[in-house]
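First residue of the sequence shown? That's 1 in the working numbering, and the numbers climb one at a time after it. The C-beta atom is built at its ideal place from N, Cα and C for all residues, glycine as well. The block underneath contains the structure these notes are about, expressed in structure tokens.
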Amino acid sequence: MKKNSLGKSGIEVSCIGLGTMTFGEQNTEEEAFAQMDCALAAGVTLFDTAEMYPVPPQEKTFTKSEQMIGKWMKQRKCREGLVLATKIVGPTVTSRAMGGYIRDGKNHLSSENIKQALEGSLSRLGTDTIDLYQIHWPDRNVNIFGQRGFTSPQDEDPENAEISETLETMEKLRKVGKIRAFGISNETPWGVMCYLSLAENNGWERVVSIQNPYNLLNRSFESGLAEIT
Numbered sequence: 001m002k003k004n005s006l007g008k009s010g011i012e013v014s015c016i017g018l019g020t021m022t023f024g025e026q027n028t029e030e031e032a033f034a035q036m037d038c039a040l041a042a043g044v045t046l047f048d049t050a051e052m053y054p055v056p057p058q059e060k061t062f063t064k065s066e067q068m069i070g071k072w073m074k075q076r077k078c079r080e081g082l083v084l085a086t087k088i089v090g091p092t093v094t095s096r097a098m099g100g101y102i103r104d105g106k107n108h109l110s111s112e113n114i115k116q117a118l119e120g121s122l123s124r125l126g127t128d129t130i131d132l133y134q135i136h137w138p139d140r141n142v143n144i145f146g147q148r149g150f151t152s153p154q155d156e157d158p159e160n161a162e163i164s165e166t167l168e169t170m171e172k173l174r175k176v177g178k179i180r181a182f183g184i185s186n187e188t189p190w191g192v193m194c195y196l197s198l199a200e201n202n203g204w205e206r207v208v209s210i211q212n213p214y215n216l217l218n219r220s221f222e223s224g225l226a227e228i229t
């Protein structure tokens, strides 16, 4: 299968990746294992998951997708050669039904929370390194997931982490080998440029990937983000 490079990270991924957000809800463990077996046999090396998965997010199923992947890799002894991508959630409301069960709702992208989330993912996946660690959504007021609720920066939660803190933490984790590369998801053109300029000004590694919606029904990527790429 054709492979593509993730920026200048030295990581190559298959042009098709396996998404796992159904593992543990719509798909049983047996079905998840069958999907991963099929993907691996077809030459797929990129497996994408998230601490929040499966969806819809629920406290009772939280982290099941990562757990299933970790169990499968242990049984198949196939960690080498795979590119594991997972994500840390952005800020969630404190309601238990709306993500407040994840670190008790303390999900701003601060250095402390990122490190805590990463250790959890490493443990569940049974690995020492995450190849691609991604921000699931921004730590600021922004229109995402089809919502239009943008408010002015003056109304920001004072606990929101600055992009510079998030990026510097990822750089430190990369240097100690906890992650190999860093990516973003559900970002805006403004946010992407902030990440890129901060990396350039501080001599840090750049983000190597962005995971935003793009399909026949949602072509919003073409309005701004495509120009950056």
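Complete beta strand (DSSP E) runs within the region 52 to 112 (minimum length 3 residues, chain order): 83 to 88
query: When the Cα atoms are used, what is the spatial distance from S110 to E162?
result: Residue 110 sits at position 110 when you count from the first residue of the sequence shown. Residue 162 sits at position 162 when you count from the first residue of the sequence shown. Whole-angstrom Cα-Cα distance: 8 Å.
message: For V13, list the residues DSSP reports as bridge partners.
response: Position 13 of the sequence shown, counted from the start, is the residue given in the question as residue 13. Answer is N4.
CA-to-CA distance, A32 to K71, given in whole angstroms: Here residue 71 refers to the residue found at position 71 when the sequence shown is read from its first residue. Here residue 32 refers to the residue found at position 32 when the sequence shown is read from its first residue. Cα to Cα, the separation comes out at about 11 Å.
message: Let's test the definition: count the other Cβ atoms within 10 Å of the Cβ of T28 and tell me whether it reaches 16, buried, or not, exposed.
response: Mapped onto the sequence shown, residue 28 falls at position 28. So T28 ends up on the exposed side.
query: What are the start and end residues of the alpha helix (DSSP H) that includes D37?
result: Along the sequence shown, read from residue 1 onward, the residue named residue 37 stands at position 37. E29 to A41 is the span of the alpha helix (DSSP H), which, as asked, contains D37.
- prompt: Taking Cβ to Cβ, would you say E51 is nearer than 8 Å to T86?
  reply: What you label residue 51 is simply residue 51 of the sequence shown in a count that begins at 1. What you label residue 86 is simply residue 86 of the sequence shown in a count that begins at 1. Yes, they are a contact pair.
task: Report the partner residues of F47 according to the DSSP bridge assignment.
output: Taking the sequence shown and counting its residues from 1, one reaches residue 47 at position 47. Paired residue(s): L18 and L84.
- prompt: What are the uninterrupted segments assigned as beta strand (DSSP E) that are 3 or more residues long and contained completely in the region 174 to 205, given in chain order?
  reply: 179 to 185
- request: Look at G24 and K74 and say whether their C-beta atoms are less than 8 Å apart.
  value: To locate residue 24, count along the sequence shown from 1; it is residue 24. To locate residue 74, count along the sequence shown from 1; it is residue 74. No. Outside cutoff.
field: Option nearest R180 by Cα separation, candidates G10, E66 and R96
entry: What you label residue 180 is simply residue 180 of the sequence shown in a count that begins at 1. Considering only alpha carbons, the answer is G10.
message: By the three-class DSSP mapping on this structure, what secondary structure does I114 have?
response: Your numbering for residue 114 matches position 114 in the sequence shown. Note: I114 maps to helix in three-state DSSP.
field: Assigned secondary structure, S223 (DSSP; H/G/I helix, E/B strand, else coil)
entry: Residue numbering aside, residue 223 sits at position 223 when the sequence shown is read from its first letter. Correct three-state label for S223: coil.
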